[in-house]
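J.: No gaps in the numbering here: position 77 of the sequence shown is 77 in UniProt numbering, and each next residue is one more. Pasting a structure here, questions to come.
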Amino acid sequence: MPTPPPTGPLVTRDGIAAQLGQLGAEAGETLLVHSSLSSLGWVNGGAVAVVQGLLDVLGPSGTLVVPTQTGGHSDPAVWANPPVPEEWWDRIRATMPPYDPLITPSLRVGVVPETVRTWPGALRSAHPQTSFAALGPRAREITDGHAPDCRLGEHSPLARLERLGARVLLLGAGYDSCTAFHLAEYRIPAPRVRVGRPAPGGGWETVTEVSISSDRFDELGHDFERDRPVVRGTVGAADVRLFPVADAVAYAQRWLPLHRPREEDFHHPLA
1 MPTPPPTGPL VTRDGIAAQL GQLGAEAGET LLVHSSLSSL GWVNGGAVAV VQGLLDVLGP
61 SGTLVVPTQT GGHSDPAVWA NPPVPEEWWD RIRATMPPYD PLITPSLRVG VVPETVRTWP
121 GALRSAHPQT SFAALGPRAR EITDGHAPDC RLGEHSPLAR LERLGARVLL LGAGYDSCTA
181 FHLAEYRIPA PRVRVGRPAP GGGWETVTEV SISSDRFDEL GHDFERDRPV VRGTVGAADV
241 RLFPVADAVA YAQRWLPLHR PREEDFHHPL A
């Protein structure tokens, strides 16, 4: 049986840049992009065309940032999707390759971030579980110094993006993927958890971290969009949202203590 033709729309590099420009994306700015390639339609050139379109609209003075998280670098005891047999845990901990920003692939963040990560000139932060990759003149300023015991807090690229006046671009992605909200978790009373992972020099290590969770981020995003200025539109078939990192963090700092009490916190999948 022949494969049916795509339903479209046809999306191209120049169309992506033009539509983002019409929504207000500006040359020279810094964008933290969360994306879903499949939501756009039939993209001529796939993820490469998406990255090229983003770089086109930002221009040589702009900086593109994406999450390149590596949730597999975590304790197998907390894996749930899928779990592994308990009798494997010790062997997995003993043999898991340590994080290497140059070669460790991102996981569950989509093909666009992985394309940015491997792009010529891309820089990547050093955290073994919650790294970010960046392209552009501010890439080093954003990615350097990501503390090994600060997944998404004050010593992570998120705090730098906030200070630099960066904006978040949700390109076919929902608010449940908005990492900027996590920075707020570091600024409100939050429990600490023990986080296991492969040590940089080999072996296994455990660090104490703030407990982070995406639980109810979709509700948080709905209220944020209702109460704060958020640019809304489409690129191809994808819904798009554009807003300042600082606005999202400040709103989440007020929202989370009211709507997600501490006892309802769940460990983030990276824990």
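Every residue, glycine too, gets a C-beta built ideally from N, C-alpha and C.
Assuming residue 181 and residue 157 form a contact by the criterion Cβ under 8 Å, report the distance between their Cβ atoms to the nearest whole angstrom.
T.: Incorrect: roughly 15 Å between the Cβ atoms, too far for contact.
J.: According to the neighbour-count rule (16 or more other Cβ atoms, all chains shown, within 10 Å of its Cβ), is residue 29 buried or exposed?
T.: So residue 29 ends up on the buried side.
J.: With DSSP run on the structure shown, which of helix, strand or coil describes residue 89?
T.: Reduced to three states, the DSSP call for residue 89 is helix.
J.: Can you tell which of 34, 120 and 18 has its C-alpha closest to the C-alpha of residue 243?
T.: Comparing Cα positions, the closest option is 34.
J.: For a quick check, are the C-beta atoms of residue 223 and residue 255 less than 8 Å apart?
T.: It is a contact, given that the beta carbons lie within the stated cut-off.
J.: What number of angstroms, rounded off, separates the C-alpha of residue 199 from the C-alpha of residue 145?
T.: Roughly 17 Å separates the two Cα atoms.
J.: Pairs of beta-carbons, one from the region 69 to 83 and one from the region 37 to 53, closer than 8 Å: are there three or more?
T.: Counting Cβ pairs under 8 Å, fewer than three are found: no touch.
J.: What is the rounded straight-line gap between the Cα of residue 96 and the Cα of residue 70?
T.: One C-alpha to the other measures close to 12 Å.
J.: Please return the same chain residues whose Cβ sits closer than 6 Å to the Cβ of residue 204, not counting the five positions on each side in sequence.
T.: Within the same chain, residue 204 has close Cβ partners 93.
J.: Candidates 183, 207 and 202: which alpha carbon is nearest residue 192's?
T.: Per the Cα distances, 207.
J.: In chain order, what residues of the same chain have a beta carbon less than 6 Å from the beta carbon of residue 26, not counting five sequence neighbours either side?
T.: Excluding residues within five positions, none has a Cβ falling inside 6 Å.
J.: What separation, rounded to the nearest whole angstrom, lies between the Cα atoms of residue 16 and residue 125?
T.: Approximately 27 Å, taken between the alpha carbons.
J.: What does the alpha-carbon distance come out to for the pair residue 185 and residue 135?
T.: Rounded to the nearest angstrom, the two C-alpha atoms are 27 Å apart.
J.: Report the residue from 6, 43 and 64 whose alpha carbon sits nearest the alpha carbon of residue 13.
T.: The candidate whose alpha carbon is nearest that of residue 13 is 43.
J.: Using DSSP with H/G/I as helix, E/B as strand and the rest coil, what is residue 109?
T.: It is coil, neither helix nor strand.
J.: Return the chain-ordered list of same chain residues with a C-beta closer than 6 Å to the C-beta of residue 269, the five sequence neighbours on each side being excluded.
T.: Summary for residue 269: the model assigns pLDDT 44, below 50, so the residue's position carries little reliability, and this model does not support an answer.
J.: Quick one: give me the first and last residue of the alpha helix (DSSP H) that residue 162 is part of.
T.: Taken as a continuous stretch (DSSP letters only), the alpha helix (DSSP H) holding residue 162 covers 157 to 163.
J.: Give me, in chain order, the residues of the same chain whose beta-carbon lies closer than 7 Å to that of residue 110; leave out the 5 immediate sequence neighbours on both sides.
T.: Answer for residue 110: 35, 36 and 37, listed in chain order.
J.: For a test of the three-state rule: what should DSSP assign to residue 11, helix, strand or coil?
T.: Of the three classes helix, strand and coil, the one that applies to residue 11 here is strand, per DSSP.
J.: Less than 6 Å between C-beta atoms, sequence neighbours within five positions excluded: which residues of the same chain meet that for residue 89?
T.: The residues are 76 and 77.
J.: If contacts are defined as beta-carbon pairs under 8 Å, then residue 123 and residue 143 qualify, I think. What distance do you get, rounded to the angstrom?
T.: That belief holds up - the Cβ atoms of residue 123 and residue 143 are roughly 5 Å apart, short of 8 Å.
J.: Please state whether DSSP places residue 84 in a helix, a strand or coil.
T.: Coil, per DSSP.
J.: Thinking residue 98 and residue 127 are a contact (beta carbons under 8 Å), I'd like their distance in whole angstroms, please.
T.: At roughly 12 Å, the Cβ-Cβ gap does not stay under 8 Å, so residue 98 and residue 127 are not in contact.
J.: Mind reading off the beta-carbon distance from residue 169 to residue 58? Whole number of angstroms is fine, and I expect it under 8 Å.
T.: With 8 Å as the limit, residue 169 and residue 58 do not qualify as a contact, their Cβ atoms being about 10 Å apart.
J.: Per DSSP, what kind of secondary structure is residue 267 in: helix, strand or coil?
T.: Any reading at residue 267 is ruled out, since the residue's pLDDT is 42, under 50, leaving its predicted position unreliable.
J.: Can you tell me which of the three DSSP states residue 133 falls into?
T.: Strand.
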